[in-house]
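S.K.: For what it's worth, the working numbering labels the leading residue of the sequence shown as 114, then goes sequentially.
By construction, the Cβ of each residue, glycine as well, lies at the ideal position given by its N, Cα and C atoms.
The model shown is predicted, which means the values in this text are computed figures rather than measured ones.
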Amino acid sequence: MTCGAPLGHLWEEFRRRVEAGEDPSKVLDDLGVYRYCCRRTLYTSVVYIEQVASYSAVRVNRLRVEGRGDLQ
Ligand SMILES: [Zn+2]
Numbered sequence: 114m115t116c117g118a119p120l121g122h123l124w125e126e127f128r129r130r131v132e133a134g135e136d137p138s139k140v141l142d143d144l145g146v147y148r149y150c151c152r153r154t155l156y157t158s159v160v161y162i163e164q165v166a167s168y169s170a171v172r173v174n175r176l177r178v179e180g181r182g183d184l185q
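#1: Going by beta carbon distance, what residues of the same chain come within less than 6 Å of residue 156, once the five residues before and after it are set aside?
#2: When burial is assigned at 16 or more other CB atoms within 10 Å of the CB, is residue 146 buried or exposed?
#3: Hey, how far is the Cα of residue 119 from the Cα of residue 177?
#4: Just to confirm my understanding: we take residue 130, look at its own chain, exclude 5 residues before and 5 after, and list those with CB closer than 7 Å. What are they?
#5: Exposed or buried, residue 116, counting other C-beta atoms within 10 Å across all chains shown (16 or more means buried)?
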């Protein structure tokens, strides 16, 4: 369950600052995201993106091994 608050406009700044090394909970405080449902939504999105990115790297490496590095 979520409160339905719009979060999309916060996503880019949140992701950029977390990738720059800031503490996710501090960034959420700065953005005024205090409800747990909203914090969870943004925070788990970052975790999810990192997992997808790691799978992408594996896939790219496999394609290189197969001599298909042009298919990224
Ligand atoms: Zn919420």
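M.R.: If we stick to the structure as given:
#1: 137
#2: buried
#3: 41 Å
#4: 140
#5: exposed
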